[in-house]
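Quick notes on the structure that follows.
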DNA sequence: CATGAATGAGAATTCATTCAT
DNA sequence: CATGAATGAATTCTCATTCAT
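Residue numbers (our numbering), protein chains in the order written: chain A, 8 to 217; chain B, 8 to 217; chain C, 8 to 217; chain D, 8 to 217.
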């Protein structure tokens, strides 16, 4: 309608096709997360997801092939989200202790204690042992946490010791998260401080053992 | 058919009615555990369970009302199993440290790392946020661990500190278990030693802080 | 209700379980034949079949696994029917010529020209090139016709010549049947006489060539 | 955009509009034939056809209205192909016997034994009894064969006899084709010779009966 | 107590068709 | 002319539950 000369360049007035598709995919993934959080894994049907995303049921297969494809994309989305948060927090930390705390804050951060997120992770974990697709994503996530922690501890410890402590801290993080989520605790504050104290203690012991 | 008076006494030749029923219930619960472990929560149908138990599908509703009843009974069975193992190990422990170790050995014992058991717990946990029935059982289990640990630590610590340390140890136990199970590690040995070392460190710190 | 002593033996008053199951299977197969004849292969849905058999849709998978299983069973039923009719007619024929006529009468008999039957065969044949299951049944049927004809001709001809003539007669039978069915002709009478004349001619030629 | 007068004449540089459209239609029809031959009638979806023709799914409705329109056009294409081949072969034949042979060679020619073509005819025939559109095309084809044969036989026989023999030969042709196609035989050579011998015999009998 | 045939609601998936771009 | 995202009805298959035997 405008008679002004369109600026040449990569930017058209409307959303580009490919972007619109990405938006739709995101929309379906969000709807999936909400459905799992609200009604659980079993009750999360394609119809339920489509209803929440306000699209037709057929669209899921169009964009994700089948339900499993959508679920895997959803799990990947959750994992990627966590990873990018972790990366951002790690960049801002300037000491080993701070970097460890960054990992803790990411994994036990408020986001992760939202009912919306926590129950979804839990639901996926319940499927992991019987879904190679989920297992792959889950393993990548698990390795990334440990790797982040090892990297943070490297300046202080020999590789083997760094590995052991990283695994211990990772377990503590996951355990605290798990118990809080299963108990329905919404508050991550106390949990984060427990984890912090735990790490402080470990670092104190490290200082002594030197 | 015999009109002779039945000898009263400790044991009739045949199984008493009530015992036969218990055997059937146990048989169905075992089949359920195996089915969940083998094919996952979603693929565990009544037909699948009945096939494994070598009974007809109709029998489930007879003994457990409906599928959900069977599942809840199965979860209770798992929890009770763990509790009785814990009680037995606790009785034999004579020091606070040994009692803590008993909790660790129970929860990270070989049983719990059987694929058969671990994936089943995980599967149930995935349902906990959306099943009040499961949630109740799960909460009881979670409280029992913490209570066992608090009881073990009471001789050494003030109630509040005991509570905090108990929660920390419980989190460590669950975290180690979770990571090992999700990663498909079958070996509980290493995990138990990590937990032991962790507790040793905590006790060492306790000694210092006095 | 009767107080007479039951005759011991294999025959209970009511239908035996296994017989009832057979009746149900037969019922579903008949419904399938009618559905294909009436509305065609594509429009023959499980719901349509169940409606005609006056049972629920779930019963199909219970008895035949899936739709394909029912379709294969239906094709086998048609083929077996034809085979048993052929066998009966062959037994009553006392000369080579009569035996050939028996094959003709079976395959071009009134049954085969019922709309109910003809269109169903045709529908299956359309699927044969893409269904190994159907192809197997079809091949068995095709071989049986040729074998019947060869057997009838054996007293008159050397094996090689018998084979050739059998194939020719079989082709004539199938071709007549096909054209009549495709044209919607309900009348098998004319077709049978054409086939008969054709065979007479062939036999006449045989007589001359000797 | 050009305002120059288009040069009238035999051929413009670009394809004319109407030709380009014809090319597209042909392209879609060929893709349909290949799809039916490869995956069967039921699995031949519009998406499958579009994929093979390397166009979008929407194009089908544009050019053929709907799927059924495309299928009918495909069947007509097959029939027209056969008819034009037959016409060409007939023109070159100079005797009644040769003209009959031309019909045989056309209908049992190598083309018709290509898997690509044979299974497609068969698939359509399976639908004929339930599709008036297909039935019309099929009847036209069937009549044409018979008419060609009658025409070839007219110099030798009275109309009634010509009709009868034409039907017999047509049945033989279709029967041979059918059995060969259903059996998956790729070779038309043997089949053509069987048909030839058959006709020779018939002609010999004709000579005798005069 | 136990069986297993039968039901029927509900789930995933497919696919012809439409339509804004 | 052409695209392909979107729709939504139709279909198959699954499965917890019931109930006559």
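Glycine included, C-beta positions come from ideal geometry on N, C-alpha and C.
Option in the options with minimal Cα separation from residue i
i	options	result
residue 106 of chain A	A:162, A:182 and A:185	A:162
residue 140 of chain D	D:74, D:189, D:101 and D:193	D:74
residue 194 of chain B	B:59, B:121, B:206 and B:34	B:121
residue 148 of chain A	A:38, A:92 and A:214	A:92
residue 104 of chain D	D:33, D:38 and D:158	D:158
residue 154 of chain B	B:172, B:138, B:32 and B:142	B:172
residue 29 of chain A	A:182, A:200, A:44 and A:71	A:71
residue 178 of chain C	D:174, D:177, D:175 and D:186	D:186
residue 33 of chain B	B:55, B:77, B:112 and B:52	B:77
residue 108 of chain B	B:190, B:48 and B:202	B:202
residue 182 of chain C	C:160, C:205 and C:170	C:205
residue 131 of chain B	B:31, B:37, B:44 and B:164	B:44
residue 39 of chain D	D:102, D:123, D:175 and D:144	D:123
Cutoff 7 Å: residue i Cβ touching any chain B Cβ
i	result
residue 126 of chain A	yes
residue 58 of chain A	no
residue 89 of chain A	no
residue 105 of chain A	no
Chain C contact for residue i (CB, 7 Å cutoff)
i	result
residue 151 of chain D	no
residue 179 of chain D	yes
residue 137 of chain D	yes
residue 189 of chain D	yes
residue 208 of chain D	yes
Check: residue i C-beta below 6 Å from any heavy atom of the ligand HEM
i	result
residue 199 of chain A	Within the structure as shown, the ligand HEM is missing, as the structure has no ligands at all.
Chain B contact residues for residue i, given Cβ-Cβ distances below 9 Å
i	result
residue 168 of chain A	Within 9 Å Cβ-Cβ: nothing; residue 168 of chain A doesn't reach chain B, min ~12 Å.
Test: residue i CB closer than 7 Å to a CB of chain D
i	result
residue 119 of chain C	no
residue 133 of chain C	yes
residue 47 of chain C	yes
residue 130 of chain C	yes
residue 212 of chain C	yes
residue 16 of chain C	In this prediction, residue 16 of chain C scores a pLDDT of 48, lower than 50, which makes its location untrustworthy; no coordinate-derived value is stated.
Min CB distance residue i to chain A below 7 Å
i	result
residue 186 of chain B	yes
residue 147 of chain B	no
Contacts of residue i in chain D (Cβ-Cβ under 8 Å)
i	result
residue 79 of chain C	Residues of chain D passing the Cβ test: none, with the nearest at roughly 15 Å.
residue 174 of chain C	186 and 201
residue 69 of chain C	Per Cβ cutoff of 8 Å: no residues; residue 69 of chain C is ~24 Å from chain D at best.
residue 183 of chain C	178 and 182
Nearest-angstrom beta carbon gap, residue j and residue i [assumed within contact, 8 Å]
i	j	result
residue 129 of chain D	residue 166 of chain C	Contact flag wrong, Cβ pair sits at about 31 Å.
residue 67 of chain B	residue 57 of chain B	7 Å
residue 60 of chain D	residue 35 of chain D	5 Å
residue 133 of chain A	residue 210 of chain B	Not quite, the Cβ-Cβ distance comes to about 35 Å (not below 8 Å), so this is no contact.
residue 111 of chain D	residue 199 of chain D	6 Å
residue 114 of chain D	residue 152 of chain D	7 Å
residue 144 of chain A	residue 213 of chain A	Incorrect: roughly 33 Å between the Cβ atoms, too far for contact.
Within chain A, the residues that residue i reaches when beta carbons sit closer than 8 Å
i	result
residue 205 of chain B	175
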